[in-house]
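S.K.: Pasting a structure below so you can have a look.
Numbering (our numbering), first residue to last: 4 to 196.
Below, the structure written as structure tokens:
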């Protein structure tokens, strides 16, 4: 199973340079199963998200979740990751604004082989009476000889103390196959006020 997460290892190794969000409170994750989806909702993460019932999640760190398919034989698989980053408004925060988050992730990708990073575009989060202005971009890169494609969305919390980052990353030949799944997860993502 560990091999299934190799595709994002690079991103999370590079993310070691990022300041982490401390665990605000220890809670028990809820995995509510409906017909074809489960719901991740844990106090302290600041959001909930639905994911396919035949996928699993694991905590990479106190502030990082990785979602992927169960029982995969492939070495590299599609991954959806969500990461919380502190702004300079919070103690030990690193990022003064949203563009600093975007630029940091883009720079991390640019150091990989054959990297191509497309310019960021606006992303509007508008759910349950909460409207937030974020940014999104697509990147292509090579990791361990495998061409990958990534879609990233970064959204600041209303008070600006945390940036939520949603990443969909997959080998290029699987990206389009699982994009609708990643998009459905993004559409189900509910950020707390």
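The beta carbon of each residue, even a glycine, is placed where N, CA and C say it ideally should be. Quick caveat, the model's predicted, so the values are computed rather than measured.
Just confirm the distance between the C-beta atoms of residue 194 and residue 50, as a whole number of angstroms; I'd bet it's less than 8 Å.
M.R.: The residue you call residue 194 lines up with position 191 of the chain shown. The residue you call residue 50 lines up with position 47 of the chain shown. With 8 Å as the limit, residue 194 and residue 50 qualify as a contact, their Cβ atoms being about 5 Å apart.
S.K.: Exposed or buried, residue 160, counting other C-beta atoms within 10 Å across all chains shown (16 or more means buried)?
M.R.: Looking up residue 160 in the chain shown gives position 157. Looking at its Cβ environment, which holds 16 or more other Cβ atoms inside 10 Å, residue 160 is buried.
S.K.: Counting pairs of beta carbons, one from the stretch 89-109 and one from the stretch 127-141, are three or more of them closer than 8 Å?
M.R.: Touching, yes.
S.K.: Identify which residue in 175, 40, 196, 80 has its Cα closest to the Cα of residue 55.
M.R.: By one-based count along the chain shown, residue 55 stands at place 52. Taking only the C-alpha atoms, the option nearest residue 55 is 40.
S.K.: Could you tell me how far apart the beta carbons of residue 166 and residue 68 are, in whole angstroms, since I believe they sit closer than 8 Å?
M.R.: As a first step, residue 166 is located in the chain shown; it is residue number 163 there, counting from the start. As a first step, residue 68 is located in the chain shown; it is residue number 65 there, counting from the start. Not a contact, Cβ separation roughly 15 Å.
S.K.: Looking at the strands, I want to know which residues DSSP matches up with residue 193.
M.R.: Counting from one through the chain shown, the residue named residue 193 turns up at place 190. DSSP output for residue 193 lists 51 as bridge partner(s).
S.K.: Check the DSSP bridge columns for residue 105 and list the partner residues they point to.
M.R.: Numbered from 1 along the chain shown, position 102 holds the residue referred to as residue 105. The partner list for residue 105 (beta bridge, DSSP) is empty, contrary to what the question assumes.
S.K.: For the beta strand (DSSP E) containing residue 80, list its first residue and its last residue.
M.R.: As a first step, residue 80 must be located in the chain shown, where it is residue number 77. Counting along the chain, residue 80 falls outside any beta strand (DSSP E), and DSSP gives it neither H nor E.
S.K.: Provide the residue(s) that pair with residue 174 in DSSP beta bridges, ordered along the chain.
M.R.: Within the chain shown, the letter at position 171 stands for residue 174. Paired residues: 151.
S.K.: Residue range of the beta strand (DSSP E) that residue 71 falls in?
M.R.: In the chain shown, counting from the first residue as 1, residue 71 sits at position 68. From DSSP, the beta strand (DSSP E) with residue 71 extends over 67-72.
S.K.: CB-CB under 6 Å to residue 154, same chain, minus the five flanking residues each way: which ones, in chain order?
M.R.: For the purposes of this step, residue 154 is taken as the residue at position 151 of the chain shown. For residue 154, where only same-chain residues beyond five positions count, the Cβ hits under 6 Å are 141, 171.
S.K.: Cα-Cα, which of 44, 144, 163 is closest to residue 121?
M.R.: For the purposes of this step, residue 121 is identified with residue 118 of the chain shown, where counting begins at 1. Among 44, 144, 163, the Cα nearest to that of residue 121 belongs to 144.
S.K.: Distance, Cα to Cα, residue 36 vs residue 149?
M.R.: As a first step, residue 36 is located in the chain shown; it is residue number 33 there, counting from the start. As a first step, residue 149 is located in the chain shown; it is residue number 146 there, counting from the start. Here residue 36 scores only 46 on pLDDT, less than 50, and its place in the model should not be relied on; the value that follows carries that caveat. Rounded to whole angstroms, residue 36 and residue 149 show a C-alpha spacing of 34 Å.
S.K.: Per the DSSP calculation, residue 117 is bridged to which residue(s)?
M.R.: On the chain shown, residue 117 is found 114 positions in, with the first residue counted as 1. Bridge partners of residue 117: none, in fact.
S.K.: Alpha carbon to alpha carbon, what distance is there between residue 65 and residue 97?
M.R.: The residue labelled residue 97 in the question sits at position 94 within the chain shown. The residue labelled residue 65 in the question sits at position 62 within the chain shown. Their Cα atoms are separated by approximately 17 Å.
S.K.: Tell me which same chain residues have a C-beta within less than 8 Å of the C-beta of residue 113, skipping the five on either side of it?
M.R.: Numbered from 1 along the chain shown, position 110 holds the residue referred to as residue 113. Hits under 8 Å: 120.
S.K.: Quick check on residue 110: does DSSP put it in helix, strand or coil?
M.R.: As a working note, residue 110 is residue 107 in the chain shown. If DSSP states are grouped into helix, strand and coil, residue 110 belongs with the helices.
S.K.: Please identify the residue among 186, 117, 94, 53 whose C-alpha is closest to the C-alpha of residue 212.
M.R.: This structure gives no information on residue 212, because the portion of the chain shown stretches from 4 to 196.
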